[in-house]
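Undergrad: Starting off with a structure, shown below.
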Amino acid sequence: MPALPVSSPLHSSLVRWVLLTLAAILLGAALFWALYVLYQARTEHYRHQAERELMAVTQLQAGSVADWRRQKMDEARALSDDTQLAQNIAAWLRGSSEAKVAPIQERLRILQERAGYTMAYLVDGSGQLRLNGQGGLTGALPQPEQLAMQEALKQASVATVDPRHDPAFAFPFFSLLVPIFEGLNPVGAIWLVADVRASLYRLLATWPTPSETAESSLIARSGDDVIYLSPLRHGPHAGSKLSYSINSVSEPAVQAALGVRGVFYSQDYRGMPVIAVASAVPDSPWLVVGKVDVADVLADNQRREVLALSLPVALGLLFAGFVFAGWQRRAWARERGLKNELQRTMGWLESAQKSAQIGYFAYDSVKAEFTLSSMAYAIFGLPPGTSFTLKQWRGCIDAATRQEVLNLHLQALQAHIPLRTQYRIQRLNDQKHRWVEVWGEFEDAASASKSARLIGTIQDITERKRIEQDLIDYRMLLEEKVLLDPLTQIANRRALDEHLQAEWLRAMRNQTPLALLMVDIDYFKLYNDHYGHVAGDQCLRHVAQAIASVIGRNGELAARFGGEEFTLVLPYTNTEQAMQVGARVVQAVHAMDIEHLHSSVSPVVTVSVGVASVQPVFVSVELPAPAPVGSTSRQASPSGLQALFEQADLALYQAKQQGRNRVVS
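Residues in the sequence shown are numbered from 26 upward in steps of one, following my numbering.
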């Protein structure tokens with residue numbers, strides 16, 4: 026049999042087969058590498074998104090916990106400053122006045138029924154329980170509270186005991202020890218017990234997005250240990266208190282106690298890899314540690330990415346199979362197979378775009394017309410294949426931001442720069458408003474006969490915007506609650522301080538007067554004694570409404586200063602104008618006709634008003650060393666606000682001395 030020539034058809038076929046095989050292998054390797062790089066980039070994107078969400082939630086919870094603790098401390102300090110209560114307690118403990126026990130018990134009952142404390146006890150100086158809202162009792166403070174009371178009496182300030190369990194109660198509780206002094210002599214303390222399950226723990230349980238592993242914990246450092254103050258959600262330690270040695274550096278709580286802040290990666294008490302965020306609670310030794318399993322964050326996204334990226338892999342394999350099988354078929358069979366494969370590819374691509382709600386577009390600047398994918402048509406509310414002109418697109422954009430969006434697109438076209446923006450549209454079919462995110466790039470014309478184009482993608486991000494707005498609304502709601510007095514529903518002392526500081530600075534800049542009115546209910550203690558504290562609270566609410574109804578200009582504020590005292594801040598108001606406002610306050614309260622038969626001023630509830638008005642000015646003060654000699658700085662007098670308060674308070678005192686139910690400047 027003669028040998029085959031080198032250039033025989035069989036040899037040529039083998040060479041083509043080998044070359045096709047090598048080309049397919051190289052193409053497959055390049056495809057796999059490109060998909061792997063893309064997969065890693067997308068995974069990193071999802072990781073950063075989860076870190077930002079976790080950071081926002083943890084910081085919000087830390088602020089909520091700080092507000093809760095600050096409220097409890099403010100209530101305790103107000104109790105410590107009550108001199109009448111201190112005198113009653115001192116007299117009763119000495120045994121000199123058994124009649125003093127009734128108002129003490131009434132105050133303890135109010136703390137339980139209205140301030141939200143589970144228990145309120147009167148404790149003598151030796152740590153023995155003497156009284157609660159129901160009557161006398163015996164026993165001694167638990168050891169942690171005993172130490173806290175000694176510290177409170179020593180420092181003359183409120184002391185706290187972190188949330189803990191104790192056989193004395195069937196629930197976790199937070200203790201506040203309020204020192205009571207008669208003059209400079211310590212008398213005892215009031216022990217306030219707050220059940221933290223329905224208040225403090227609930228602030229940590231709120232999570233804006235669904236997650237099986239996300240949780241936030243409240244921790245504190247105690248010596249060489251880090252203690253979880255709130256119950257844990259998972260594992261064998263769920264519902265119990267857990268502590269770690271400061272040497273267990275892999276635990277997120279320990280890392281937070283050692284000073285780590287922001288986002289970090291670690292292993293939690295279950296040994297699971299987690300993304301964690303540590304945030305300090307202002308004005309407290311507490312820290313909030315939020316965490317979520319890395320696997321929980323990336324699982325769904327990884328699964329979705331694998332499915333999406335597997336499509337090109339499957340297409341490549343199918344295409345390679347058709348190529349290797351098609352060289353033996355006729356030309357028409359290969360063409361038919363490739364056509365079917367292309368249609369299938371477009372269908373899979375369309376499905377992937379629908380899953381991600383992403384469409385693509387191309388804008389022809391000469392024709393002023395858009396070419397859209399089917400998903401882009403759905404986003405704008407148009408049937409596929411219809412014409413979409415520049416005029417129609419302009420009409421879809423929300424009127425409030427239309428000009429800004431048009432300028433951004435025009436700038437991208439003129440400067441040939443990438444475009445990334447978000448704006449709101451109104452769909453053409455159902456007129457619903459949707460948020461979209463657009464990524465675009467400028468494409469130069471290939472020849473003089475072709476026009477320049479802007480091509481890119483458009484994605485419906487309405488749901489993402491809704492979640493972001495929910496987080497903003499939640500934070501604003503918490504801030505609003507912090508600045509309201511819970512009884513009268515007008516501004517509280519904290520809101521007053523912030524507002525008055527701002528108006529003081531404004532008055533200095535504008536060189537305008539600023540007035541302050543101090544309002545006090547006449548003989549309110551007698552009203553409480555004869556009509557009861559429930560009626561007293563109702564009276565406070567009515568008076569607050571009457572005071573607030575008198576004002577209404579921009580910058581004016583009515584606030585509860587404390588007890589039965591209220592304050593009005595009146596910018597741009599001189600003394601004469603402030604006196605007129607004070608007179609309206611007196612008239613408004615008197616017109617409410619609230620019965621007060623035990624007042625020596627009037628048979629109805631009345632108020633006394635003290636008025637002060639000043640015009641703040643800047644003063645030049647010498648700068649501290651090492652500033653150059655002769656340097657000066659302009660700043661507000663640090664005693665200016667204090668002087669304004671003192672003047673208004675002095676005027677209020679004079680109003681009382683002159684017979685009450687009047688206004689004095």
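Glycine included, each C-beta is placed from N, C-alpha and C at the ideal position.
#1: Can you find the residues in the same chain that come closer than 6 angstroms, C-beta to C-beta, to A282, ignoring five residues on each side of it along the sequence?
#2: Thinking A532 and P641 are a contact (beta carbons under 8 angstroms), I'd like their distance in whole angstroms, please.
#3: Using DSSP's beta-bridge definition, name the partner residues of I252.
#4: Can you have a look at D293 and say buried or exposed, based on whether 16 or more other CB atoms are within 10 angstroms of its CB?
#5: Helix or strand or just coil, what does DSSP make of S89?
#6: Cα separation between P235 and Q175?
#7: Less than 8 angstroms between CB atoms is the rule here; does L47 satisfy it with respect to chain B?
#8: Determine the DSSP secondary structure at L110, reduced to helix, strand or coil.
#9: Determine the direct distance from the alpha carbon of F586 to that of Q672, and round the result to whole angstroms.
#10: Three-state secondary structure (DSSP) at Y548?
#11: When burial is assigned at 16 or more other CB atoms within 10 Å of the CB, is W216 buried or exposed?
#12: Using only alpha-carbon positions, find the residue among R519, Q484 and P538 that is nearest to Q592.
#13: Whose C-beta lies closer than 6 angstroms to the C-beta of N113 among residues of the same chain, with five residues either side of it excluded?
#14: According to the neighbour-count rule (16 or more other Cβ atoms, all chains shown, within 10 Å of its Cβ), is A87 buried or exposed?
#15: Report the option in V212, V183, L209 and Q159 whose CA atom is closest to the CA atom of S200.
#16: Is it buried or exposed for A527, if we count other Cβ within 10 angstroms and need 16 for buried?
#17: Whole-angstrom Cβ separation of D562 and T631, contact assumed at under 8 angstroms?
#18: Quickly, what does DSSP pair W216 with across the bridge? List them, please.
#19: Is it buried or exposed for A473, if we count other Cβ within 10 angstroms and need 16 for buried?
#20: Per DSSP, what are the beta-bridge partners of E620 in this structure?
#21: Give the C-beta separation of L502 and G635 to the nearest angstrom, bearing in mind that I take them to be a contact with Cβ-Cβ under 8 angstroms.
#22: How far does the beta strand (DSSP E) with N157 in it extend, from its first residue to its last?
#23: Three or more C-beta pairs closer than 8 angstroms, one from the stretch 475-494 and one from the stretch 421-432: is that the case here?
#24: Over what stretch of residues does the alpha helix (DSSP H) that includes E523 continue unbroken?
#25: Answer yes or no: do A603 and S633 have a C-beta to C-beta separation smaller than 8 angstroms?
#26: So V626 packs on E590, CB below 8 angstroms; how close in whole Å?
#27: Who are the near neighbours of N553 in its chain, counting only those whose CB is closer than 7 angstroms to its CB and skipping five residues on each side?
#28: Please report the straight-line C-alpha distance between Q494 and Y448, rounded to a whole angstrom.
#29: Which residues in the same chain have their Cβ closer than 8 angstroms to the Cβ of L110, if we skip the five residues on either side of it in sequence?
#30: Who are the near neighbours of I492 in its chain, counting only those whose CB is closer than 8 angstroms to its CB and skipping five residues on each side?
#31: Look at the alpha carbon of P651 and the alpha carbon of G665, and state the distance between them as a whole number of angstroms.
#32: Give me the Cα-Cα distance between T231 and Q682, rounded to the nearest whole angstrom.
#33: Does the beta-carbon distance from V314 to I300 come in below 8 angstroms?
#34: Contact check, T482 vs W460 under 8 angstroms by CB: the rounded distance?
#35: Classify I244: buried if its beta carbon has 16 or more other beta carbons within 10 angstroms, exposed otherwise.
#36: Looking at the structure shown, is G406 part of a helix, part of a strand, or coil, going by DSSP?
TA: According to the structure data:
#1: On the sequence shown, position 257 is the one that residue 282 refers to. Excluding positions up to five away in sequence, the list reads R246 and V251.
#2: As a position in the sequence shown, residue 532 is number 507, starting the count at 1. As a position in the sequence shown, residue 641 is number 616, starting the count at 1. Their Cβ separation, rounded to whole angstroms, is 5 angstroms, which keeps A532 and P641 in contact under 8 angstroms.
#3: For the purposes of this step, residue 252 is taken as residue 227 along the sequence shown, with counting starting at 1. I252 is bridged to A245 and S268.
#4: Reading the sequence shown from its first residue, position 268 is the one you call residue 293. Counting Cβ neighbours within 10 Å, D293 comes out buried, since at least 16 surround it.
#5: Sequence index remark: in the sequence shown, residue 89 carries index 64 (1-based). Of the three classes helix, strand and coil, the one that applies to S89 here is helix, per DSSP.
#6: Counted from its first residue, the sequence shown places residue 235 at position 210. Counted from its first residue, the sequence shown places residue 175 at position 150. Near 45 angstroms, if we compare the C-alpha coordinates of Q175 and P235.
#7: In summary, chain B is missing from the structure at hand, where a single protein chain is found.
#8: Sequence index remark: in the sequence shown, residue 110 carries index 85 (1-based). Here L110 sits in helix by DSSP.
#9: As a first step, residue 672 must be located in the sequence shown, where it is residue number 647. As a first step, residue 586 must be located in the sequence shown, where it is residue number 561. One C-alpha to the other measures close to 15 angstroms.
#10: If you number the sequence shown from 1, residue 548 lands on position 523. In this structure, Y548 counts as coil in the three-state DSSP scheme.
#11: For the purposes of this step, residue 216 is taken as residue 191 along the sequence shown, with counting starting at 1. It is buried - the Cβ of W216 has at least 16 other Cβ atoms within 10 Å.
#12: Within the sequence shown, the letter at position 567 stands for residue 592. In the sequence as presented, Gln is not what sits at residue 592; that position holds Thr. Of R519, Q484 and P538, the residue nearest in Cα terms is R519.
#13: Taking the first residue of the sequence shown as 1, we reach residue 113 at position 88. Closer than 6 angstroms at Cβ, skipping near neighbours: K125, P128 and I129.
#14: Position 62 of the sequence shown, counting from 1, holds the residue named residue 87. Label assigned to A87: buried.
#15: Here the question's residue 200 lines up with position 175 in the sequence shown. If we check each option's Cα against that of S200, V183 comes out closest.
#16: Here residue 527 refers to the residue found at position 502 of the sequence shown. Exposed, because fewer than 16 other Cβ atoms sit within 10 Å of the Cβ of A527.
#17: As a position in the sequence shown, residue 562 is number 537, starting the count at 1. As a position in the sequence shown, residue 631 is number 606, starting the count at 1. Rounded, the Cβ-Cβ distance is 18 angstroms, inconsistent with contact.
#18: Taking the sequence shown and counting its residues from 1, one reaches residue 216 at position 191. W216 is bridged to Y146 and L202.
#19: On the sequence shown, position 448 is the one that residue 473 refers to. Low local confidence applies: a pLDDT of 43 at A473 is under 50, so the model's placement there is unreliable, with the coordinate-based value given in what follows. Answer is exposed; the Cβ neighbour count stays below 16.
#20: Within the sequence shown, numbered from 1, the residue matching residue 620 stands at position 595. DSSP lists V629 as partners of E620.
#21: Position 477 of the sequence shown, counted from the start, is the residue given in the question as residue 502. Position 610 of the sequence shown, counted from the start, is the residue given in the question as residue 635. So it is not a contact: roughly 35 angstroms between Cβ atoms.
#22: Translated into the one-based positions of the sequence shown, residue 157 becomes position 132. From DSSP, the beta strand (DSSP E) with N157 extends over L154 to N157.
#23: no
#24: Taking the sequence shown and counting its residues from 1, one reaches residue 523 at position 498. R518 to N535 is the extent of the alpha helix (DSSP H) around E523.
#25: Counted from its first residue, the sequence shown places residue 603 at position 578. Counted from its first residue, the sequence shown places residue 633 at position 608. No, Cβ-Cβ distance for A603 and S633 is not below 8 angstroms.
#26: Here residue 626 refers to the residue found at position 601 of the sequence shown. Here residue 590 refers to the residue found at position 565 of the sequence shown. Between E590 and V626 the Cβ distance is about 17 angstroms, and since that is not below 8 angstroms, they are no contact.
#27: Sequence index remark: in the sequence shown, residue 553 carries index 528 (1-based). G561.
#28: Position 469 of the sequence shown, counted from the first residue, corresponds to residue 494. Position 423 of the sequence shown, counted from the first residue, corresponds to residue 448. Distance between the alpha carbons of Q494 and Y448 is about 15 angstroms.
#29: Numbered from 1 along the sequence shown, position 85 holds the residue referred to as residue 110. Result list for L110: L104, P128, I129, R132 and I205, in chain order.
#30: Counting from 1 along the sequence shown, the entry for residue 492 is found at position 467. Cβ neighbours of I492 beyond the five flanking positions: P233 and T234.
#31: The residue given as residue 651 occupies position 626 in the sequence shown. The residue given as residue 665 occupies position 640 in the sequence shown. Confidence at P651 is low in this model, with a pLDDT of 45, below 50, so its placement is unreliable and the value that follows should be read with caution. One C-alpha to the other measures close to 27 angstroms.
#32: The count along the sequence shown starts at 1 and reaches residue 231 at position 206. The count along the sequence shown starts at 1 and reaches residue 682 at position 657. Each residue's alpha carbon lies about 53 angstroms from the other.
#33: Taking the sequence shown and counting its residues from 1, the one referred to as residue 314 is at position 289. Taking the sequence shown and counting its residues from 1, the one referred to as residue 300 is at position 275. For V314 and I300, no; Cβs fall outside 8 angstroms.
#34: One-based indexing of the sequence shown puts residue 482 at position 457. One-based indexing of the sequence shown puts residue 460 at position 435. Wrong, their Cβ atoms sit about 15 angstroms apart, outside the cutoff.
#35: Your numbering for residue 244 matches position 219 in the sequence shown. I244 is buried by the Cβ-count criterion.
#36: Translated into positions along the sequence shown, residue 406 becomes position 381. In this structure, G406 counts as coil in the three-state DSSP scheme.
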